[in-house]
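In terms of numbering that gives the first Met the number 0, the sequence shown opens at residue 0 and continues consecutively. Notes for the one structure printed next.
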Amino acid sequence: MKATKIILAGGFLGAGKTTLLWSAAQRLMQKGLKVGLITNDQAPELVDSALLTQKGLTVSEVNGSCFCCNFNGFIQAAQALREKSQVDVIIAEPVGSCTDLSATILQPLKKHWREQLDLAPLTVLADPIRLASTLSGGSAGLHKDAAYIYRKQLEESDIILITKTKKYAPDYIVSLKERAARAYPFATVLSADSISGKGLDEWMEVALHRKDAGLRIAAVDYDVYAHGEAVLGWLNGTLTLQGKSADWNTFCSELLGELSARFTQASCTVGHVKLIAENGNRYIAGNLTDSSSRPATTGSMESCDEIRLTINARVETSPENLSSIVKDTLDSLVKDKYSAQTLAWRCLSPGRPNPTYRFDAVC
Ligand SMILES: Nc1nc2c(ncn2[C@@H]2O[C@H](COP(=O)(O)OP(=O)(O)O)[C@@H](O)[C@H]2O)c(=O)[nH]1
Ligand SMILES: [Mg+2]
């Protein structure tokens with residue numbers, strides 16, 4: 000059996016990884032290739048997995064720990080996609096607050112799994128606004144230690160892929176690419192918009208055909224890294240909601256709008272808040288990527304009596320405060336209009352990263 004291509008598409012929370020996974024998978028499938036995706040989170044009940052599964056893709060999930068701290072879980076997921084699902088290409092999305100992937104994932108893969116997995120260069124996705132702030136010496140609207148993680152992601156990249164380009168003037172993206180190329184001269188700097196598809200073929204060409212991967216290891220201070228992760232409260236919750244012939248499109252938009260207002264009021268920086276409301280194969284997905292951007296939803300649903308709602312929130316505050324803000328917001332919308340049952344509700348602050356492997360030199 001020949002080696003299976005594996006692409007790691009990292010980057011900070013909300014950078015556009017899941018959207019890229021979906022668009023790239025679609026394009027590869029149109030070329031007749033079988034694609035498998037691996038999602039990752041610190042806890043189960045993932046919006047990303049539900050969304051990609053709704054879109055009909057083969058998804059394997061590593062949860063409870065990031066890829067680096069559960070390398071064996073990552074390998075098992077990749078092996079299952081390769082051997083059971085017989086995919087041609089695997090695209091994996093690491094947790095957005097994770098860095099040091101070259102040392103902890105790419106080098107071990109190169110050393111021990113070369114025969115099975117044909118590793119693509121490490122792609123790090125970058126949201127234009129957060130990248131512009133970082134390039135100007137700013138903190139991308141984040142706590143300084145979370146901003147440190149963002150910089151380390153860029154420093155270890157083989158490819159920097161600037162995302163969401165259609166939202167900005169072409170000249171702005173050109174100058175951002177030039178600035179990024181000056182700041183990170185070792186990386187190939189590309190840009191794409193996963194929704195319109197512009198620039199995706201160019202990225203896929205490089206990701207699929209370039210033979211080098213994990214060309215450098217960044218110097219990472221694990222105390223700062225651990226604190227950068229710990230400033231984020233993490234909440235994964237799933238509920239069922241009932242309401243006779245309810246308009247869930249409006250409910251989801253109001254929920255995101257209200258969450259955005261409450262996080263702003265409480266001065267809590269949003270890493271990423273996402274939700275998916277599902278009824279059979281119909282769904283509404285919603286995103287809030289920072290406190291200043293407008294909440295966005297995709298998909299839609301005709302009025303119906305019940306949904307399964309999954310919420311994943313990563314916000315700069317304690318898990319307890321995050322939980323109470325989200326619970327209060329839900330309660331204020333549910334009131335006596337709907338009934339709600341909580342199926343799962345996990346709040347945490349990520350623990351200190353403790354990678355299964357860490358190479359200190361490039362293989
Ligand atoms: N216009 C536009 N929006 C995007 C693009 N990529 C991601 N987004 C939006 O950015 C938000 C976060 O995207 P997501 O893929 O979930 O980010 P992740 O946290 O890195 O996986 C969602 O609202 C997406 O619709 C893009 O290329 N163009
Ligand atoms: Mg994602």
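C-beta: ideal position from N, C-alpha, C; glycine also.
- Cβ contact annotation for Lys176 (same chain, cutoff 7 Å, sequence separation greater than five): Ile161, Val188, Ser190, in chain order.
- In this structure, the straight-line span from the alpha carbon of Ser348 to that of Ala312 is close to 11 Å.
- Taking a contact as a CB-CB distance under 8 Å, the pair Ala23 and Leu56 does not count as one, their CB atoms being some 11 Å apart.
- Contact annotation: Gly227 and Ala145 have beta-carbon atoms nearer than 8 Å.
- DSSP places Val269 in no alpha helix (DSSP H) but in the uninterrupted beta strand (DSSP E) bounded by 269–278.
- Arg293 counts as exposed, since fewer than 16 other C-beta atoms from the protein chains shown sit within 10 angstroms of its C-beta.
- Rounded to the nearest whole angstrom, the C-alpha separation of Val173 and Leu332 is 43 Å.
- Contact between the segment 314–328 and the segment 239–252 is not established, with fewer than three Cβ pairs separated by less than 8 Å.
- With a cutoff of 7 Å, Thr187 does not count as near ligand 1, since its C-beta is closer than that to no heavy atom of the ligand.
- Counting only the Cα atoms, Ala77 lies some 9 Å from Thr3.
- Residues with their Cβ less than 6 Å from any non-hydrogen atom of ligand 2, running along the chain, are Lys16, Thr17, Asp47, Glu92.
- Val361 and Val314 have their C-alpha atoms spaced approximately 34 Å apart.
- Not one heavy atom of ligand 1 sits closer than 7 Å to the Cβ of Gly232.
- Counting of Cβ neighbours within 10 angstroms places Phe185 among the exposed residues, the total staying below 16.
- In the structure shown, Val173 adopts helical secondary structure according to DSSP, grouped into three states.
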